[in-house]
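> Have a look at this one.
Residue numbers (the numbering used here): 210 to 565.
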């Protein structure tokens, strides 16, 4: 594996994380550049569409990026097929517009009743490309990096891709039964897509991961509902929680992606869910960093859930002081390999100074 001497050791660290038995220190997913990958990968594509959809180009670019990185702690080389967060909706009729670093849904379905999520169409360009990218990355990896499952957003987030957030808000009030029906139909399709992609992965690698970067030897996936930040707690209970329970029951393991201060009012409902392993708290751009949210993180930990959070190095002393290490993972980017190693050393030494 690229720049990793002992991935088996890292696997065991993730086993301990999922079991909340990493007693020595929190897991640390830290990456640092060894050099700018663009200094050795100078290929360009004429337009944004080809930049995202040219499979061979994408694979070469991703390999070049992984080879340029230094991996510290529990970080490891990971490549995920990526057409953006609305690709699941695109399997059922919305379009995708590409930007330089992300993409977004376009060409929304005009009427809720026109949405058809009864099956995955094998000839859908976005689904075919997802499968093609997954297979191409696996063929290229040859054990040099792990291949993850693409970014799939079922439930209300999938309906947002198809309808747009404003229209879905109206739909919830005007056609709640149809929204709920489509919500659960999308969950069924999510299961099919997950199984299809995971089966492809298991032909050539053990376990899986996804954009969150956490590894599990038996497989896992992220759960989320970013649209939940736009609705009340009562609507969350009606439209989000039942479908989320269905996802949790299907997945072997899952961590919920809770995005932004506006979504915090839904945290209590999430912490009550049996089978939900943990919470990824994303405080968002322009907000105070991880140490500011220590009470939120304590609440998650006290509920018996795992924690995943992006931090900056200045957060680390407060987090090490205030949170137990078991079931906690901090992810960050560093400027240099030396800085990354220093932070791992700091976290490892701190355990001896604190008795919880």
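Where is the CB? At the ideal position from N, CA and C, for every residue including glycine.
1) Suppose you measure from the CA of residue 222 to the CA of residue 416; what does that come to, to the nearest Å?
2) Using beta-carbon positions only, say whether residue 363 and residue 328 come within less than 8 Å of one another.
3) If I measure Cβ to Cβ from residue 338 and keep anything under 7 Å in the same chain, skipping five residues before and after, which residues do I get?
4) Rounding to the nearest angstrom, what Cα-Cα distance links residue 243 and residue 447 in this structure?
5) Between residue 617 and residue 488, how many whole angstroms is the CB-CB distance? I'm expecting something under 8 Å.
6) Have a look at the DSSP bridge pairing and note the partners of residue 463.
7) Give the single residue among 507, 513, 525 whose Cα lies nearest to the Cα of residue 226.
8) For the candidate residues 285, 278, 273, 445, whose alpha-carbon lies nearest to that of residue 378?
9) Where residue 534 and residue 524 are concerned, what is the direct C-alpha to C-alpha distance, given to the nearest angstrom?
10) Under a Cβ-count criterion, where at least 16 other Cβ atoms within 10 Å of its own Cβ denotes burial, should residue 267 be classed as buried or exposed?
11) From residue 486 to residue 515, what does the alpha carbon distance come to, in whole angstroms?
12) Where in the stretch 448-494 do unbroken runs of the alpha helix (DSSP H), each at least 4 residues long, occur, reported from the N-terminal end onward?
13) Going straight from the alpha carbon of residue 519 to that of residue 508, what length do you get?
14) Grab the span of the beta strand (DSSP E) containing residue 281 for me, first residue to last.
15) Ignore the nearest five residues each way along the sequence and tell me which others in residue 400's own chain have a CB closer than 6 Å to its CB.
16) DSSP on residue 150, reduced to helix/strand/coil?
17) Look at the alpha carbon of residue 454 and the alpha carbon of residue 546, and state the distance between them as a whole number of angstroms.
18) Check the DSSP bridge columns for residue 626 and list the partner residues they point to.
19) Just to confirm, is the Cβ distance from residue 355 to residue 427 under 8 Å?
Reading from the atomic positions:
1) 14 Å
2) no
3) 262, 292
4) 49 Å
5) Here the chain comprises residues numbered 210 to 565, so residue 617 is not present and cannot be evaluated.
6) 430
7) 513
8) 445
9) 15 Å
10) buried
11) 6 Å
12) 450-459, 476-480
13) 17 Å
14) 278-282
15) 459
16) Since the displayed the chain opens at 210 and closes at 565, residue 150 lies outside it and no answer follows.
17) 41 Å
18) Nothing can be reported for residue 626: it is not among the residues displayed for the chain, which extend from 210 to 565.
19) no
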